[in-house]
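Engineer: Pasting in a structure now, in structure tokens, and then I'll have a few things to ask.
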Amino acid sequence: MQNSKLQSKIQNLTELTLTETLKGLEDKAFSEKELNEAYFEKITILNPKINAFLTISEDLQKNPRGIPAAIKDSILTKNIKTTAGSKILSNFIPPYNATVINKLEEQGVSVLGKTNCDEFTMGSSGENSAFGPTKNPWNLEKVPGGSSSGSAAAVAADLCTFALGTDTGGSIRMPASLCGIVGLKPSYGRVSRYGAIAMASSFDQIGPITKTVGDARLVLEWICGPDGFDSNCASSKFKVQSSKLRNDLKGLKIGLPKEYFGKGLDKGVEKVVREAIKKLEELGAEIVEVSLPHTEYGIAAYYILVPSEISSNYARFDGIRYGGTRVDFGEEVKRRIMLGTYSLSSGYYDDYYAKAAKVRTLIKQDFEKVFEKVDVIVGPVSPTTAWNLGEKAQDPLTMYLSDVYTITANLAGIPGLSLPCGFVDGLPVGLQILGKYMDEETILNVGEVYEQATEWRKEKPKL
Amino acid sequence: MKLTSDQVKKVAKLANLPLTPQEEEKYSEQLSKILGYVEQLNQVDTSNVEPTFNVTGLNNVMREDEAIPSLSQQEALLNAPQKKEGMFVTKGVFEE
Numbered sequence: 001m002q003n004s005k006l007q008s009k010i011q012n013l014t015e016l017t018l019t020e021t022l023k024g025l026e027d028k029a030f031s032e033k034e035l036n037e038a039y040f041e042k043i044t045i046l047n048p049k050i051n052a053f054l055t056i057s058e059d060l061q062k063n064p065r066g067i068p069a070a071i072k073d074s075i076l077t078k079n080i081k082t083t084a085g086s087k088i089l090s091n092f093i094p095p096y097n098a099t100v101i102n103k104l105e106e107q108g109v110s111v112l113g114k115t116n117c118d119e120f121t122m123g124s125s126g127e128n129s130a131f132g133p134t135k136n137p138w139n140l141e142k143v144p145g146g147s148s149s150g151s152a153a154a155v156a157a158d159l160c161t162f163a164l165g166t167d168t169g170g171s172i173r174m175p176a177s178l179c180g181i182v183g184l185k186p187s188y189g190r191v192s193r194y195g196a197i198a199m200a201s202s203f204d205q206i207g208p209i210t211k212t213v214g215d216a217r218l219v220l221e222w223i224c225g226p227d228g229f230d231s232n233c234a235s236s237k238f239k240v241q242s243s244k245l246r247n248d249l250k251g252l253k254i255g256l257p258k259e260y261f262g263k264g265l266d267k268g269v270e271k272v273v274r275e276a277i278k279k280l281e282e283l284g285a286e287i288v289e290v291s292l293p294h295t296e297y298g299i300a301a302y303y304i305l306v307p308s309e310i311s312s313n314y315a316r317f318d319g320i321r322y323g324g325t326r327v328d329f330g331e332e333v334k335r336r337i338m339l340g341t342y343s344l345s346s347g348y349y350d351d352y353y354a355k356a357a358k359v360r361t362l363i364k365q366d367f368e369k370v371f372e373k374v375d376v377i378v379g380p381v382s383p384t385t386a387w388n389l390g391e392k393a394q395d396p397l398t399m400y401l402s403d404v405y406t407i408t409a410n411l412a413g414i415p416g417l418s419l420p421c422g423f424v425d426g427l428p429v430g431l432q433i434l435g436k437y438m439d440e441e442t443i444l445n446v447g448e449v450y451e452q453a454t455e456w457r458k459e460k461p462k463l
Numbered sequence: 001m002k003l004t005s006d007q008v009k010k011v012a013k014l015a016n017l018p019l020t021p022q023e024e025e026k027y028s029e030q031l032s033k034i035l036g037y038v039e040q041l042n043q044v045d046t047s048n049v050e051p052t053f054n055v056t057g058l059n060n061v062m063r064e065d066e067a068i069p070s071l072s073q074q075e076a077l078l079n080a081p082q083k084k085e086g087m088f089v090t091k092g093v094f095e096e
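Heads up: the sequence lines are chains A and B, in that order. Start counting the first sequence at 1; every next residue gets the next number (the working numbering). Start counting the second sequence at 1; every next residue gets the next number (the working numbering).
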């Protein structure tokens with residue numbers, strides 16, 4: 001009798017959103033200790049099935065406190081092992097916190113544990129981790145998406161109040177979509193990258209992975225703002241003015257890029273996304289068909305520019321000051337380092353890197369032109385729902401093509417939100433909302449209006 | 001664009017990535033395929049287009065020339081595979 005009551009309490013506490021958790025603590029409905037213990041209990045039972053966490057905080061287990069958050073293992077946490085999903089960092093203990101961690105701790109957040117990810121955040125499925133793939137909580141034979149695979153799975157399985165991920169080409173939005181939860185890639189320059197292990201420095205952003213859009217907005221407020229360590233982190237701090245929050249979408253213009261609904265998009269996913277768009281219309285939005293003509297070149301531009309930046313950033317792993325030797329890099333990491341080294345080497349620089357950087361300008365301009373006519377752009381996040389583990393792992397190019405709808409936001413630097421909008425055969429589908437540079441406010445608001453008018457977040461995976 | 005095993009060997013050396021001959025073969029196939037795909041960028045007219053290397057457009061972001069707290073020597077050496085007398089041990093550069 002007591003056991004089932006306890007089970008029920010654990011279940012209830014872990015199902016709370018961040019916002020509900022804060023309210024519950026304020027109302028003294030439960031204590032921080034009970035909250036943390038509930039999550040630890042659940043992790044003990046479920047983590048072996050899904051492999052979301054690589055490390056659980058021993059310190060927090062001994063002294064449960066704060067609002068427990070799961071942190072992607074490519075983000076530095078002082079004195080807590082940080083591996084970035086790589087063998088070469090398997091024993092790395094950071095001597096300092098990433099800025100975002102300090103900011104979260106100031107708000108009373110505690111680091112519950114470090115989540116699994118594709119090695120050095122290079123991947124779209126979670127299968128490139130040196131510590132085994134994370135499984136999708138909705139179907140354990142399927143990928144959770146990557147590279148923030150563990151963070152997304154942890155939020156979907158209610159193993160934390162919220163999580164942090166990073167997004168360079170879709171690594172927050174893709175797993176959020178495949179795991180049926182919310183993921184936000186802020187505008188480039190919104191959140192300091194200090195302490196996030198760099199992948200491609202002109203693309204990387206840290207962002208929230210949460211149970212609701214409101215939670216994502218709150219976490220963004222907490223983590224954003226300049227710290228003097230990221231030269232590109234601009235001076236504008238994000239704070240939502242509640243007076244500007246809308247209850248419906250009247251007067252809002254939503255752009256639908258025709259290139260995002262063409263070949264390659266799974267019919268089932270298209271149907272669900274179009275139904276979501278109809279809902280947006282019901283809520284008062286005006287739908288406008290637009291064109292982003294350089295969409296088809298996005299992947300090619302991305303997979304030259306990003307590996308080039310990677311080849312430069314990864315020179316630091318010399319195995320002298322920390323970490324293992326370069327021979328222990330995984331395949332995807334080696335592939336990208338070599339691709340980048342080749343693209344940047346003399347004789348090829350103009351043909352590859354400079355050319356891709358010019359195409360990047362054209363893609364950025366495509367968005368700027370469209371945003372003169374509409375407030376947000378909406379479409380799918382992923383061309384398909386979660387695929388089987390191992391299905392795309394053999395052919396790198398096939399894996400890269402799944403990023404078609406997400407990489408453009410990173411190329412242009414604009415913010416992108418993924419939120420649940422339905423299911424195909426029991427697997428989640430994410431709706432993507434893209435906004436103007438530094439306009440997280442509008443995309444979050446549109447997301448929240450849609451979320452409140454629908455019931456998708458009430459569905460939970462049966463684990 | 002076909003990348004030969006020899007070219008892969010050269011690139012791997014530039015990138016300081018030790019590869020076995022089998023790996024050189026495997027990567028030459030995979031990289032050739034990827035490079036073949038990205039070559040479609042040649043179809044795009046980029047005459048009169050400036051490259052974008054940084055979407056924020058920021059340049060030369062400076063701070064005051066003041067010393068601020070940083071890692072202690074002990075913290076910096078925390079993860080060193082080999083250390084001696086408070087320093088990182090590395091291979092000699094000038095050795096015969």
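Here a beta-carbon is modelled for each residue, glycine too, at the ideal position from N, C-alpha and C.
With burial defined as no fewer than 16 other Cβ atoms inside 10 Å of the residue's Cβ, what is the status of A:Q394: buried or exposed?
Structural biologist: Exposed.
Engineer: Since A:T55 meets chain B, which of its residues come closer than 8 Å, beta carbon to beta carbon?
Structural biologist: Per Cβ cutoff of 8 Å: no residues; A:T55 is ~16 Å from chain B at best.
Engineer: Determine whether the beta carbon atoms of A:Y405 and A:G145 lie at a separation below 9 Å.
Structural biologist: no
Engineer: Given that B:V93 touches chain A, what residues does it touch there, using C-beta distances under 9 Å?
Structural biologist: At a C-beta separation below 9 Å, B:V93 has no neighbours in chain A, since its nearest C-beta there lies roughly 12 Å away.
Engineer: Taking the DSSP output, what are the residues bridged to A:N388?
Structural biologist: A:K142
Engineer: Just the chain B side, please: which residues come within less than 9 Å of A:Y349 by C-beta, in chain order?
Structural biologist: Those within 9 Å of A:Y349 in chain B number zero; the least Cβ separation is about 11 Å.
Engineer: What is the DSSP secondary structure of A:S418, reduced to helix, strand or coil?
Structural biologist: In the structure shown, A:S418 sits in a strand (DSSP, three-state: E or B).
Engineer: Starting from the C-beta of A:V374, find all residues in its chain whose C-beta is less than 8 Å away, skip the five residues before and the five after it, and write them out in chain order.
Structural biologist: K253, I254, G255, V288, V290
Engineer: May I ask you to list, following chain order, the residues of the segment 403 to 415 of chain A that have a beta carbon less than 7 Å from some beta carbon of chain B?
Structural biologist: Along the segment 403 to 415 of chain A, going in chain order, the ones with a CB nearer than 7 Å to a CB of chain B are A412, G413.
Engineer: Whole angstroms is fine: what's the gap from B:F94's alpha carbon to A:V100's?
Structural biologist: Note on geometry: alpha-carbon atoms of B:F94 and A:V100 lie some 42 Å from one another.
Engineer: Could you run through the segment 195 to 210 of chain A and flag, in chain order, every residue whose CB is less than 8 Å away from some CB of chain B?
Structural biologist: S202
Engineer: Let's see if you can read the secondary structure: which residues bound the alpha helix (DSSP H) around A:D425?
Structural biologist: That residue, A:D425, is in no alpha helix (DSSP H); it is neither H nor E in DSSP.
Engineer: Along chain A, which residues have their Cβ under 7 Å away from the Cβ of B:T135?
Structural biologist: The question about residue 135 of chain B has no answer here: the residues shown for chain B are numbered 1 through 96.
Engineer: So with Cβ pairs under 9 Å, would you call A:D439 a contact of chain B?
Structural biologist: no
Engineer: Let me check one thing: in DSSP terms, what residues is A:I206 bridge-paired to?
Structural biologist: A:T166
Engineer: Output the distance between the C-alpha atoms of A:M1 and A:V155, rounded to the nearest integer angstrom.
Structural biologist: With a pLDDT of only 40 at A:M1, under the threshold of 50, the placement of this residue in the model should not be trusted; the figure read from the coordinates follows. CA-to-CA, the gap between A:M1 and A:V155 works out to about 29 Å.
Engineer: Which term fits A:L444, buried or exposed, when burial requires 16 or more other beta carbons within 10 angstroms of its beta carbon?
Structural biologist: buried
Engineer: How would you label B:T4, buried or exposed, when you count the other beta carbons within 10 angstroms and need 16 or more for buried?
Structural biologist: exposed
Engineer: In terms of residue numbering, what span does the beta strand (DSSP E) encompassing A:L111 cover?
Structural biologist: Just to set this straight, residue 111 of chain A is Val in the shown sequence, not Leu. Taken as a continuous stretch (DSSP letters only), the beta strand (DSSP E) holding A:V111 covers 109 to 115.
Engineer: Does the segment 37 to 48 of chain A touch the segment 79 to 86 of chain A, meaning 3 or more C-beta pairs lie closer than 8 Å?
Structural biologist: no
Engineer: Closest by CA to B:V49, which one among A:A354, A:L283, A:K62?
Structural biologist: A:A354
Engineer: Compare the C-beta of B:K33 against all C-beta atoms of chain A and say whether one is closer than 9 Å.
Structural biologist: At least one chain A Cβ lies under 9 Å of B:K33.
Engineer: Tell me the DSSP secondary structure of A:I45 in three-state form.
Structural biologist: Three-state result, A:I45: helix.
Engineer: Check whether the segment 111 to 118 of chain A and the segment 69 to 77 of chain A touch, using three or more Cβ-Cβ pairs below 8 Å as the test.
Structural biologist: yes
Engineer: With DSSP as the reference, label A:A412 as helix, strand or coil.
Structural biologist: helix
Engineer: Taking only beta-carbon positions, decide if B:V40 is within less than 9 Å of chain A.
Structural biologist: It should be noted that the sequence gives Gln, not Val, for residue 40 of chain B. Output row for B:Q40: interface = yes.
Engineer: Which residues in the same chain have their Cβ closer than 8 Å to the Cβ of A:E270, if we skip the five residues on either side of it in sequence?
Structural biologist: F261, P380
Engineer: Measuring CA to CA, which of A:V143, A:E282, A:V370 is closest to A:S129?
Structural biologist: Nearest C-alpha to A:S129: A:V143.
Engineer: In whole angstroms, give me the CA-to-CA distance for A:V408 and A:L283.
Structural biologist: A quick correction: the sequence has Thr, not Val, at residue 408 of chain A. Taking the straight line from one Cα to the other gives about 27 Å.
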